[in-house]
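With our numbering as the guide, the letters of the sequence shown map in order to residues 21 to 276. Cβ atoms here follow ideal geometry from the backbone N, Cα and C, with glycine treated the same way. Quick caveat: nothing in here was measured; it's all calculated off a predicted structure.
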Amino acid sequence: MGSDLTPTDLAARLRALTTARVGLGRSGPAQATDDVLAFALAHARARDAVHASLDADALATAVESLGHKFLRAASAVPDRRTYLLRPDLGRTLAADTDLAADGPSDLAIVLADGLSAQAVQAHAPPLLAALTPRLRGLTLAPVTIALQARVALGDPIGQALRARAVLVLIGERPGLSSPDSLGAYLTFDPRPGRTDAERNCVSNIRPEGLGYDAAAGRIAWLIRQALDRGLTGVGLKDESDLVALVQPTGSAVGRT
């Protein structure tokens, strides 16, 4: 059965479903001016996100308002240019770092600027608000706000805080349609030398991607499974969606 939709109509429908660049117009052999300008704007926003600084004081205030204590930490990176050129230094704590733990804990949470400080600034507090009730029954270390941080900086932080697992909420590499995407990386038994294969990742956390409640449910499930099984990474598959399908109406997956 045929369709009366024109290619232009189809492209418009696709664009309504995604932020990807589909069905772009053209002027002769070249792209339309509007599309070229929109691409340039998106590219500029991505570059700005990489170089933006995290307002650690405002983030600390938000963390405290959610009932969490907080600590501050920084990597061995002296400035943003070095951060981009020396990823290895972003995985190492600054020499003067002193993270005191009140005692062992089940989980340490790290809020790290990463490659998009605006992602952490905007999305870490509401995600933390959605996640905290789902962690009831677990002992939590103070939330650590980390500057000039890579994902692996969570390993020495988690080790210093004597945590069984560490969750790093970090700004992901900006894309041309998502300069503010937040990633969550979970590592069991954190210590320097852990590899990416030993982590679980939940990515694209933002209102236009994976929403806060959905992300919190998935992360909480992974945390509890990691603590129960004693592992993260390739040995721990995310089956939170399957578990949700068999839960009775009104139950809360991952809560105690």
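Among the options, the one whose alpha carbon lies nearest that of residue i
i    : options                : result
A128 : T53, Y205, G195        : Y205
L37  : L256, T207, V97, E228  : E228
D261 : R238, G255, L247, V254 : R238
G134 : D248, V56, P194, A58   : P194
H88  : A94, P199, A80         : A80
A172 : R33, R156, R41, G203   : G203
V140 : A94, R154, P98, A69    : A69
Buried or exposed (CB count within 10 angstroms, at least 16 for buried), residue i
i    : result
R74  : Strictly speaking, residue 74 in this sequence is Leu, with Arg absent from that position. Result: buried.
E259 : exposed
R184 : buried
H143 : buried
D29  : exposed
S271 : Low local confidence applies: a pLDDT of 43 at S271 is under 50, so the model's placement there is unreliable, and no value is given.
S136 : buried
T207 : buried
R226 : buried
V186 : buried
R275 : Low confidence applies to R275: its pLDDT is 38, below 50, so where it sits in the model is not reliable, and the reading given next is rough at best. So R275 counts as exposed.
A60  : exposed
A115 : exposed
E84  : exposed
D118 : exposed
A217 : exposed
Anticipated Cβ contact below 8 Å, residue i with residue j, distance rounded
i    : j    : result
A161 : I190 : Their Cβ separation, rounded to whole angstroms, is 17 Å, which puts A161 and I190 out of contact at 8 Å.
R12  : T252 : This structure cannot settle anything about residue 12, because the visible part of the chain is limited to 21 through 276.
D126 : T164 : The Cβ separation is near 15 Å, so there is no contact.
V130 : A82  : Contact doesn't hold; Cβ gap of about 15 Å is too wide.
Which residues DSSP lists as bridging residue i, in chain order
i    : result
T164 : L91, V130
Q51  : R46
V188 : V130, Y205
A113 : Ala is not the amino acid found at residue 113; the sequence shown has Leu there. The partner list for L113 (beta bridge, DSSP) reads S95.
A183 : S125
>> Extract the residue ranges of the beta strand (DSSP E) inside the segment 194-264, only unbroken runs of 3 or more that lie entirely within it.
In response: Fully enclosed beta strand (DSSP E) runs of 3 or longer: 202-208, 219-225.
> Whole alpha helix (DSSP H) runs in the segment 129-160 with 4 or more residues, listed along the chain?
Replying inline: Here the runs fully enclosed are 137-151.
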